[in-house]
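See structure below.
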Amino acid sequence: MKRLKRRDKMKIYADILSIVQSETKKEKIVLTRIQQKTNVPFDRLKVYISEMKELGLVQNDFLLTEKGRQYLIEYNRVLDFMKRMGLEYPE
Amino acid sequence: MITSVLVVIEAISAVLGAALTVFMIKPYLYTGEKRYIGLPLGFAFLSISYIFQGIALSPGAPPFIEDMKWLHLFTQAYAFIFLAVTYYFSKQTTRGKGLLWQILFSILIIVILFSYIAVSITPFFTLPSYKSVDEYFRSFNIIFALYLSISTLRSHALKPDSKTIWAPLGYILLAFSQYSFLIWSLDLSMAAFVGAHILRLMGLLIFLYISFETFRISSSVIVKKRA
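These protein sequence lines are chains A and B, in that order.
When the first sequence is numbered by our numbering, its final residue is 91 and no position is left out of the sequence of numbers.
When the second sequence is numbered by our numbering, its final residue is 1227 and no position is left out of the sequence of numbers.
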């Protein structure tokens, strides 16, 4: 069985933010949908979301804040930079 | 006159290296993974090595300042080692490898301190001639720079993209620069000496191009979104 690569907290934050960003356009987001897409256990996901709210990355009704949007842009461009530099990082 | 030109080239290289360090620290800051710390350290050491070389070449420098050329050799070697180790560990994600990286990192720090003491406290250590040490170090640098070139070239070959060809090219130029310095040290060829400096500057400029290209494009996206 192929072993799953370990994801760090920054990557999980970025994954959650990117799902919140794409889902906002469709309809109201529910926590279970984020859980399914990020593949993070429900209890841990609640902790992450709570941390992200404290950091001002998301609002209470699962809307991306300006800070959250900036974080996602910065994170993606750093990933792009690493790719350009030939560095490996789990996507 | 030639010495002054060389000092200017070393100063330009040091500035380029410092600018690159600012960009290279971002992967470590944004992922929080220790295995990427070697990237900014590598470019910082490159920059420091050019500063040492520039100081050592300064016209009318006293003999103790000339000894800085030894530090140039050591710091440049650390730079290539840190970069090579970073690329090696960027492929590893398991905890055991993380521990290995920490042990290796600690050993490198001890080696750095030891070599600094060896150079600064000369009465305790008798070093061989600068020329022979320089040739050994250049050879090691070539090996590490070639590893970097192959590693980045392999990443490009696995996922071909026009954006990922620049990094291997940059490392290849740095490897050829070290090779040209080695040739110059062996046969005092002026063409090799001039070529080595040009190749080094080109290599550093390529990395600066990669950095600006990545962050410039993203900045324009932000501006567009805000508008």
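Glycine included, C-beta positions come from ideal geometry on N, C-alpha and C.
Just so you know, these numbers come straight off a predicted model, no measurement behind them.
Beta-carbon neighbours of residue i, restricted to chain B and to distances below 9 Å
i	result
G86 of chain A	Y1087, S1090, L1148, S1151, T1152, L1153, R1154, S1155, H1156, T1164, A1167, P1168, Y1171
Residues near residue i in its chain [Cβ-Cβ closer than 8 Å; skip 5 each side]
i	result
L1182 of chain B	E1135, R1138, S1139, I1142
R1200 of chain B	S1013, L1173, L1174, S1177
L57 of chain A	Y13, L17, L64, T65, K67, G68, Y71
Cβ neighbours of residue i in the same chain (closer than 7 Å, five flanking residues each side left out)
i	result
Y1147 of chain B	A1084
A1227 of chain B	Low local confidence applies: a pLDDT of 43 at A1227 of chain B is under 50, so the model's placement there is unreliable, and no value is given.
S1211 of chain B	L1020, F1023
M82 of chain A	Y89
Simplified DSSP state of residue i, which is helix, strand or coil
i	result
V1007 of chain B	helix
V58 of chain A	strand
L1205 of chain B	helix
L64 of chain A	strand
Y1179 of chain B	helix
V78 of chain A	helix
P1160 of chain B	coil
G1170 of chain B	helix
G1195 of chain B	helix
I1222 of chain B	Model confidence at I1222 of chain B stands at a pLDDT of 48, short of 50, so the residue's coordinates are unreliable; what they give is reported in the following sentence. In the structure shown, I1222 of chain B sits in a helix (DSSP, three-state: H, G or I).
M1190 of chain B	helix
S1129 of chain B	coil
A1227 of chain B	Because A1227 of chain B sits at a pLDDT of 43, beneath the cut-off of 50, its placement in the model cannot be relied upon, and the following sentence gives the value as read from the coordinates. Correct three-state label for A1227 of chain B: coil.
Same chain only: Cβ atoms within 6 Å of residue i, ignoring 5 sequence neighbours per side
i	result
L45 of chain A	Q35
M1068 of chain B	F1052, I1055, A1056
Y75 of chain A	A14
V78 of chain A	none
Neighbouring residues, chain A, relative to residue i (Cβ below 8 Å)
i	result
G1203 of chain B	Ordered by position in chain A, no residue passes the 8 Å Cβ test against G1203 of chain B, which lies about 13 Å from the chain.
F1215 of chain B	R77, F81
Neighbouring residues, chain A, relative to residue i (Cβ below 7 Å)
i	result
I1210 of chain B	R84, M85
Partners in chain B for residue i, counting only beta-carbon separations shorter than 7 Å
i	result
E51 of chain A	The contacting residues do not exist; E51 of chain A stays about 14 Å from chain B at best.
Chain A contact residues for residue i, given Cβ-Cβ distances below 9 Å
i	result
P1027 of chain B	V78, L79, F81, M82, M85, L87, Y89
Runs of beta strand (DSSP E) wholly within the region 1041 to 1091 of chain B (minimum 3 residues, chain order): Taking only runs of at least 3 residues, no beta strand (DSSP E) segment lies wholly in the region 1041 to 1091 of chain B.
Three CB pairs or more closer than 8 Å across the region 1030 to 1042 of chain B and the region 1003 to 1019 of chain B: Touching, no.
Contact between the region 1185 to 1205 of chain B and the region 52 to 70 of chain A (3+ Cβ pairs under 8 Å): No contact exists between the region 1185 to 1205 of chain B and the region 52 to 70 of chain A.
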